[in-house]
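Numbering (my numbering), first residue to last: 338 to 944.
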Ligand code: ADP
Ligand code: MG
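Structure (structure tokens):
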């Protein structure tokens with residue numbers, strides 16, 4: 338092919354690839370324009386995850402009718418005219434590329450009226466070609482509607498993720514801008530339903546309550562700007578909220594940073610936040626934080642990335658130190674009460690016996706009563722558990738329990754444990770049993786969770802109970818996550834005994850719940866499902882969503898510590914455990930039983 342200059346439209350489509358990667362990028366660019374226009378109220382309306390329609394309306398200053406069409410030309414901007422301007426950019430946009438790029442890969446209608454003009458204008462651009470510009474009556478402000486995104490770039494269309502994924506991204510984006518601009522009233526409507534709104538009160542705390550819910554917000558502390566270490570250091574203000582050590586997440590994606598009103602991703606600053614928690618959180622647990630960082634525009638270069646997702650600081654160490662100091666200052670005095678978790682083996686992040694990581698800190702409380710009854714001698718027991726060599730949980734090759742005849746009426750599944758005889762219950766938590774090779778202590782909760790888990794994985798289902806008029810409301814992000822769960826794991830939820838449906842906004846109606854959970858708070862139960870869906874740490878990452886849900890429900894319905902069991906219940910549980918595929922660990926990999934051999938006992942007693 339001979340060399341030739343690309344047409345405007347083709348050039349714009351290629352450039353669009355950098356700016357408009359997915360529907361959320363369109364939302365981002367349009368929202369940034371509304372904020373640059375001084376809007377106090379912004380509405381984002383999306384259908385089909387943005388593939389069908391994205392409409393962003395604002396009450397900003399609008400565009401003069403004479404300039405309306407020009408806004409769509411490449412490199413047209415009202416925000417910058419000389420290269421020196423770049424050094425002290427105070428607007429989010431400045432490249433003059435977004436509208437041109439978006440319009441080259443979709444059909445865009447813009448209706449705008451400048452505050453100082455009486456008549457507005459409407460511009461329609463399709464695939465980069467202006468179709469018409471005409472006068473239009475409109476309130477002051479701008480409404481931009483983007484339809485049929487990527488209709489003329491099939492390759493890009495094909496690579497779009499599922500609508501639910503796009504919806505999630507858009508939700509994240511809008512809620513983040515709402516955090517960065519608490520004085521602006523944001524409203525997000527997806528598929529005709531309001532998903533999120535902020536009040537525009539100017540108070541970040543109000544936005545965080547909307548986004549995370551009050552329960553989470555209560556576990557956060559305010560981070561306030563610290564005076565600079567020396568007067569000659571440029572001021573770096575760090576304001577926001579950070580979680581107390583009682584609240585943590587399994588990935589660092591919940592550390593949200595803004596620099597001069599821009600959502601940014603910056604590994605080093607994320608690390609600065611983590612550093613502030615260095616001795617306060619267990620390994621592989623991460624804080625939640627929302628930090629608005631403000632510094633003089635000359636100190637930060639925002640022009641290093643087409644979507645401006647990354648920035649470069651003139652003195653990175655100075656910003657790093659400021660973030661770390663501010664968060665640390667907020668946390669000082671916030672260290673967890675020493676020993677508050679003492680003796681609760683479920684709350685240790687890492688099983689002491691070196692098994693799989695369990696990441697259990699997010700589990701709802703009903704599974705484990707916050708104050709467990711103290712069991713005499715428990716301390717020694719714990720020690721024993723910790724010093725046990727993991728090899729003991731692996732079945733030795735000589736052991737062949739299948740040689741033991743199954744009793745009448747027993748299922749044909751092979752035995753994986755010897756026949757055990759229940760002796761009694763200790764501390765309403767452990768079952769003491771006797772077997773051919775000595776004494777067994779069985780954690781009733783862990784063992785029951787294992788039994789239920791395997792049954793559910795094999796396709797059995799739980800008994801269900803209908804509920805009347807029970808609804809549960811989620812914070813916005815969790816609602817989106819839950820919608821995804823409903824959409825992708827419907828069959829599993831059904832087998833587990835749930836029937837739940839969207840009920841408008843972030844509300845869901847619970848029609849049916851597993852019979853074993855009728856007495857639990859549905860809000861807590863559903864939140865646990867969301868947590869399970871979000872948990873992709875360590876081993877959880879290799880489990881499918883369905884498996885993670887099954888695992889979570891098994892743990893929720895299993896006997897709890899503190900529950901007194903009668904002899905039949907104990908014997909029944911043990912018989913089921915004897916036939917589990919992996920009877921020695923619960924679905925999270927923690928031990929279900931402790932074996933003390935006859936020889937060990939003899940040794941301990943000096944016989
Ligand atoms: P940039 O934001 O980098 O200047 P854009 O392509 O996003 O480039 O927008 C081009 C121009 O259109 C802006 O500089 C601004 O003057 C105008 N504009 C776009 N959206 C709006 C809006 N919502 N309100 C007022 N003016 C807008
Ligand atoms: Mg812009």
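The beta-carbon is built from N, C-alpha and C at its ideal position, and this holds for glycine as well.
Proximity to residue i [Cα-Cα], best of the options
| i | options | result |
| --- | --- | --- |
| residue 565 | 814, 772 and 657 | 657 |
| residue 548 | 371, 769, 525 and 338 | 525 |
| residue 812 | 541, 346 and 552 | 552 |
| residue 625 | 593, 609 and 651 | 593 |
| residue 514 | 368, 349 and 415 | 368 |
| residue 807 | 862, 391, 777 and 775 | 862 |
| residue 470 | 409, 388 and 903 | 409 |
| residue 926 | 899, 889 and 775 | 889 |
| residue 650 | 563, 424, 899 and 909 | 424 |
| residue 359 | 487, 460 and 911 | 487 |
| residue 805 | 429, 373 and 849 | 849 |
| residue 570 | 653, 376, 769 and 381 | 653 |
| residue 349 | 435, 554 and 868 | 435 |
| residue 856 | 894, 577 and 447 | 894 |
| residue 464 | 474, 446, 429 and 867 | 446 |
| residue 781 | 601, 457 and 896 | 896 |
| residue 773 | 397, 501, 854 and 934 | 934 |
Buried/exposed call for residue i, threshold 16 Cβ in 10 Å
| i | result |
| --- | --- |
| residue 921 | buried |
| residue 561 | exposed |
| residue 665 | buried |
| residue 932 | buried |
| residue 828 | exposed |
| residue 659 | buried |
| residue 802 | exposed |
| residue 347 | exposed |
| residue 633 | exposed |
| residue 747 | Bear in mind that a pLDDT of 45 at residue 747, under 50, signals an unreliable position, so the number given afterwards is only what the model happens to contain. The residue is exposed, with fewer than 16 neighbouring Cβ atoms inside 10 Å. |
| residue 797 | exposed |
| residue 391 | buried |
| residue 443 | buried |
| residue 604 | exposed |
| residue 341 | exposed |
| residue 466 | exposed |
| residue 351 | exposed |
| residue 356 | buried |
| residue 904 | exposed |
| residue 375 | exposed |
Residue i CB to nearest heavy atom of the ligand COA below 7 Å
| i | result |
| --- | --- |
| residue 414 | Absence of the ligand COA from the depicted structure is noted, with the ligand ADP and the ligand MG being the only ligands included. |
CB contact below 8 Å: residue i versus chain D
| i | result |
| --- | --- |
| residue 511 | Within the model displayed, chain D is absent; a lone protein chain is all it includes. |
### Query
Taking the runs of the alpha helix (DSSP H) that are 4 residues or longer, which of them lie wholly in the stretch 524-573?
Listed in chain order, they are 541-549 and 551-555.
### Task
Just list the beta strand (DSSP E) runs in the stretch 826-911, keeping only unbroken ones of 3 residues or longer that don't cross its boundaries, in chain order.
Secondary structure in the stretch 826-911: the beta strand (DSSP E) runs of 3 residues or longer, each lying completely within the stretch, are 836-839 and 844-851 in chain order.
### Around the ligand MG, Cβ to any heavy atom closer than 6 Å, ordered along the chain
Counting every residue whose Cβ lies closer than 6 Å to a heavy atom of the ligand MG, we get 366, 369, 370, 430 and 435.
### Task
Can you check the stretch 570-616 for any beta strand (DSSP E) of at least 3 residues that lies completely inside it and give the ranges in chain order?
The stretch 570-616 contains these whole beta strand (DSSP E) runs: 574-580, 592-596 and 599-601.
### Touch test, the stretch 840-851 against the stretch 811-828, Cβ-Cβ under 8 Å, three pairs minimum
Contact between the stretch 840-851 and the stretch 811-828 is present, because at least three Cβ pairs lie under 8 Å.
### Query
For the stretch 430-446 against the stretch 346-366, are there 3 or more C-beta pairs whose distance is under 8 Å?
The stretch 430-446 is in contact with the stretch 346-366.
### Message
Three Cβ pairs or more, each shorter than 8 Å: is that satisfied between the stretch 828-837 and the stretch 782-791?
### Response
Fewer than three Cβ pairs drawn from the stretch 828-837 and the stretch 782-791 lie within less than 8 Å of each other, which leaves the two stretches out of contact.
### Task
Give a yes or no on contact between the stretch 571-589 and the stretch 613-624, applying the rule of three or more CB pairs nearer than 8 Å.
Using a C-beta cut-off of 8 Å, the stretch 571-589 makes contact with the stretch 613-624, since at least three inter-stretch Cβ pairs fall below that distance.
### Message
List, from N- to C-terminal side, the alpha helix (DSSP H) runs of 4 residues or more that fit wholly inside the stretch 430-463.
### Response
Along the length of the stretch 430-463, whole alpha helix (DSSP H) runs at least 4 residues long occupy 435-441, reported in chain order.
### Query
Three or more C-beta pairs closer than 8 Å, one from the stretch 449-466 and one from the stretch 475-490: is that the case here?
They touch, by the three-pair rule.
### Task
Could you tell me whether the stretch 412-425 touches the stretch 531-543, using the rule of 3 or more Cβ pairs below 8 Å?
The stretch 412-425, when compared against the stretch 531-543, does not touch it at the 8 Å Cβ threshold.
### Query
Is the stretch 386-401 touching the stretch 419-426 in the sense that three or more CB pairs, one from each, lie closer than 8 Å?
Taking 8 Å as the limit for Cβ pairs, the verdict is that the stretch 386-401 does not touch the stretch 419-426.
### Query
Is the number of C-beta pairs between the stretch 500-517 and the stretch 370-389 that are closer than 8 Å three or more?
Between the stretch 500-517 and the stretch 370-389, the count of Cβ pairs shorter than 8 Å is three or higher; the stretches touch.
### Message
If we require 3 or more residues per run, which beta strand (DSSP E) segments fall completely within the stretch 377-430?
### Response
Taking only runs of at least 3 residues, the beta strand (DSSP E) segments lying wholly in the stretch 377-430 are 378-384 and 390-395.
### Message
Across the stretch 534-544 and the stretch 597-614, are there enough close Cβ pairs to call them in contact, namely three or more that are closer than 8 Å?
### Response
No, they do not touch.
### Task
Can you check the stretch 744-808 for any beta strand (DSSP E) of at least 3 residues that lies completely inside it and give the ranges in chain order?
Taken in chain order, the unbroken stretches of beta strand (DSSP E) that lie wholly in the stretch 744-808 and span 3 residues or more are 758-763, 767-772 and 775-780.
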